[in-house]
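Per this note's numbering, the sequence shown starts with residue 77, numbered consecutively.
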Amino acid sequence: MRDIYRIFWKELVQVFRDRKLVFSTLILPVLLMPIFMFGPSLVLQRLLQGAQERKQEVAVLNLPEEALRALEQAGLSPKAHPDPEGAVREGKYPVGVRYEQGVYRVYGRLAGGLTEGQVAVSKVQGALQALKEAKVAEALAQRGIPHQVLTPFQVEVVDTSPEREKAGGLLGFLLPFFLVVFVLTGGQVVAVDATAGEKEKGTLEALLMAPVPLLHLAMGKTLATVAMALLSGISGLLGLALGSTMAATFGGGLLTESGQILELGGRLALDGTGFLALFLSAFLLALFMGAVMVSLGLYARSFKEAQSYMAPLQLLVLLPLIFLQFRGFFELQTWHHLVPLFNVALLMDALLKGSASPLQAGLTWGSTLVYAGLALLVAVRVFSREEVVFRN
């Protein structure tokens, strides 16, 4: 155990000597995550507010007088134009309207994401919809028919999700996603430096000549990788929690392509047991990925080659997490909790929602521990192969 501890401590000391690396791995995520989660929505709200207050020009053709008045009342400035569609396509006007044969055609450039043109189109639609409702109400009044006949009943949708599931919100998907990202990022730093980095510096050979069992050597480097991966994951989760709390407090969220803001739960409704289960899941995940990264780093000939191996590894690891957002469209089976990485994401999501069962936790932790053990055996096997260790 003393050998494992010495190797573990040596690797961590080397990492923490690099202040820039420590800042980018442990401190920067805490600072960037709130900006990522809260900044875009805040900027969007300011831009939308400014666009709503501005008076946009509208290219119009053949509009009746009542429609022109409705557009002016909506904060728009109608301008007669022979070709509203072409004017909008060329960017001369943000929106255009043509009236013919009882149909109002609204033209706008809607394919470029959220723009001021989309805001102008929505203002035109709102003005014409209000005019339509006013004319319907007038026609009904002339015939002595109450306006309520158009709405014979109301439809109300009630969210019956448990309180813990509401509290988790989108955080249930983001937490495992970002946790895996930060675990890989933080663990990669130690794994690459402790293997391929030592190859380039020529210190790995001296370490292998020391009277230290290969298992202890692999364990020390893997545990150092796990420690840094966990620290990076905790740092990222702190930033995620801070950002989601700010978003929930100030009304922000994640910005979608359509301009909508996805509200974040912002609260982790977990008791002590839940936090312990969450940490154990993260530890086993880091142990598994740490052993894999140490094996890949040792197989690489150089520092750059090891980094090139880590890039596809990240894509491979994130692939199962993509299916997590579709979990509501299929029925979970027992074997799903045996799929590497996907099972940890499922368990974390269930822990946040308060729906995790002992069977799910046991299968996830047991299978992940087995995968971590197999990955560690692979790392030991790689350490024992001279043609791999000493190749350059």
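Ideal Cβ placement from N, Cα and C applies to all residues, glycine included.
Item to complete: Indicate whether Ser311 and Ile111 have their beta-carbon atoms separated by less than 9 Å.
Response: In the sequence shown, counting from the first residue as 1, residue 311 sits at position 235. In the sequence shown, counting from the first residue as 1, residue 111 sits at position 35. In terms of Cβ geometry, Ser311 and Ile111 do not form a close pair [threshold 9 Å].
Worksheet entry | Buried/exposed call for Tyr81, threshold 16 Cβ in 10 Å | As a working note, residue 81 is residue 5 in the sequence shown. Exposed: under 16 other Cβ atoms inside 10 Å.
Worksheet item: Where does the unbroken alpha helix (DSSP H) through Arg78 begin, and where does it stop?
Response: Start at 1 with the first residue of the sequence shown, and residue 78 comes out as number 2. Arg78: member of the alpha helix (DSSP H) spanning 78-92, first to last residue.
Discussion item. Excluding the 5 residues flanking Tyr169 on each side, which residues of the same chain have their C-beta closer than 6 Å to its C-beta?
Written reply: Along the sequence shown, read from residue 1 onward, the residue named residue 169 stands at position 93. Same-chain partners within the cutoff: Glu133, Ala135, Ala163.
Discussion item. Using a 10 Å radius around the Cβ and a threshold of 16 neighbouring Cβ atoms, would you call Ile398 buried or exposed?
Written reply: Your numbering for residue 398 matches position 322 in the sequence shown. When all chains shown are included, Ile398 counts as exposed.
Practice prompt. Give the DSSP-derived three-state secondary structure of Ser357 in the structure shown.
Written response: Sequence index remark: in the sequence shown, residue 357 carries index 281 (1-based). Of the three classes helix, strand and coil, the one that applies to Ser357 here is helix, per DSSP.
Worksheet item: Just the Cα atoms here: how many angstroms apart are Gln409 and Ser378?
Response: The count along the sequence shown starts at 1 and reaches residue 409 at position 333. The count along the sequence shown starts at 1 and reaches residue 378 at position 302. Taking the straight line joining both Cα atoms gives about 42 Å.
Item to complete: Using only alpha-carbon positions, find the residue among Val370, Arg461, Ala382, Leu352 that is nearest to Leu423.
Response: In the sequence shown, residue 423 corresponds to position 347, counting from 1. Among Val370, Arg461, Ala382, Leu352, the Cα nearest to that of Leu423 belongs to Leu352.
Worksheet item: Which of helix, strand or coil does DSSP assign to Lys96?
Response: As a working mapping, residue 96 is identified with position 20 in the sequence shown. Here Lys96 sits in helix by DSSP.
Discussion item. Does the CB of Gly202 have a neighbour CB from chain B at under 9 Å?
Written reply: Annotation note: the requested chain B is absent from the structure, which comprises a single protein chain.
Practice prompt. Starting from Pro160, follow the alpha helix (DSSP H) in both directions and report where the run begins and ends.
Written response: Position 84 of the sequence shown, counting from 1, holds the residue named residue 160. From DSSP, the alpha helix (DSSP H) with Pro160 extends over 160-165.
Fill in: Whole-angstrom C-beta distance between Leu389 and Ala421, which should lie under 8 Å
To locate residue 421, count along the sequence shown from 1; it is residue 345. To locate residue 389, count along the sequence shown from 1; it is residue 313. Not confirmed; about 17 Å, so no contact.
Worksheet item: Can you tell which of Gly178, Phe254, Phe84 has its C-alpha closest to the C-alpha of Leu316?
Response: Start at 1 with the first residue of the sequence shown, and residue 316 comes out as number 240. For Leu316, the closest C-alpha among the options Gly178, Phe254, Phe84 is that of Phe254.
Discussion item. Would you call the stretch 446-456 in contact with the stretch 290-302, where contact means no fewer than 3 C-beta pairs closer than 8 Å?
Written reply: yes
Worksheet entry | Close Cβ partners of Ala362 (< 6 Å) along its chain, the five nearest in sequence each way excluded | Along the sequence shown, one-based indexing puts residue 362 at 286. Closer than 6 Å at Cβ, skipping near neighbours: Val259, Val302, Ala305, Leu306.
Worksheet item: Mind checking Val195: buried by the 16 CB within 10 Å criterion, or exposed?
Response: As a working mapping, residue 195 is identified with position 119 in the sequence shown. Under this definition Val195 is a buried residue.
Worksheet item: Which term fits Gln336, buried or exposed, when burial requires 16 or more other beta carbons within 10 angstroms of its beta carbon?
Response: Here residue 336 is taken as the residue at index 260 of the sequence shown, counted from 1. Residue placement at Gln336 cannot be trusted, given a pLDDT of 46 that sits under 50; the coordinates are not used to answer.
Worksheet item: Rounded to the nearest angstrom, how far is the Cβ of Thr444 from that of Leu360, given a contact under 8 Å?
Response: As a working mapping, residue 444 is identified with position 368 in the sequence shown. As a working mapping, residue 360 is identified with position 284 in the sequence shown. Confirmed, about 4 Å.
Fill in: Assigned exposure category for Leu331 - 16 Cβ within 10 Å defines buried
On the sequence shown, position 255 is the one that residue 331 refers to. Model confidence at Leu331 stands at a pLDDT of 45, short of 50, so the residue's coordinates are unreliable and nothing is read from them.
Discussion item. My output table needs one value for Gly263: the three-state DSSP class, helix, strand or coil.
Written reply: Within the sequence shown, the letter at position 187 stands for residue 263. It is helical.
Worksheet entry | Backbone CA spacing between Glu381 and Gly202 [nearest angstrom] | As a working note, residue 381 is residue 305 in the sequence shown. As a working note, residue 202 is residue 126 in the sequence shown. Between Glu381 and Gly202, the C-alpha separation is close to 58 Å.
Worksheet item: Whose C-alpha, out of His157, Thr191, Pro140, is nearest the C-alpha of Leu204?
Response: For the purposes of this step, residue 204 is taken as residue 128 along the sequence shown, with counting starting at 1. Closest by alpha carbon: Pro140.
Discussion item. Do Leu395 and His413 have their beta-carbon atoms positioned less than 9 Å apart in this structure?
Written reply: Your numbering for residue 413 matches position 337 in the sequence shown. Your numbering for residue 395 matches position 319 in the sequence shown. No, Cβ-Cβ distance for His413 and Leu395 is not below 9 Å.
Worksheet item: In its own chain, which residues sit with a C-beta less than 6 Å from the C-beta of Ala267, not counting the 5 before and 5 after it?
Response: Here residue 267 corresponds to residue number 191 of the sequence shown, with the count starting at 1. Closer than 6 Å at the Cβ level, and outside the excluded window around Ala267, lie Thr301, Met369, Val370, Gly373.
Item to complete: List the endpoints of the continuous alpha helix (DSSP H) containing Ser153.
Response: For the purposes of this step, residue 153 is taken as residue 77 along the sequence shown, with counting starting at 1. Membership of Ser153 in any alpha helix (DSSP H) is not indicated; the residue belongs instead to the beta strand (DSSP E) covering 152-156.
Worksheet item: How would you call Pro287, buried or exposed, if buried means at least 16 neighbouring beta carbons within 10 angstroms?
Response: Working through the sequence shown from its first residue, we reach residue 287 at position 211. Exposed, because fewer than 16 other Cβ atoms sit within 10 Å of the Cβ of Pro287.
Worksheet item: Under the three-state reduction of DSSP, which class applies to Gly184: helix, strand or coil?
Response: As a first step, residue 184 must be located in the sequence shown, where it is residue number 108. Correct three-state label for Gly184: strand.
Worksheet item: With DSSP run on the structure shown, which of helix, strand or coil describes Gly217?
Response: In the sequence shown, the residue the question calls residue 217 occupies position 141. It is Ala, not Gly, that sits at residue 217 in the sequence shown. Ala217 falls in the helix class under three-state DSSP.
Worksheet entry | Through-space distance from Ser431 to Pro238, alpha-carbon basis | Position 162 of the sequence shown holds residue 238. Position 355 of the sequence shown holds residue 431. Those two C-alpha atoms are separated by around 10 Å.
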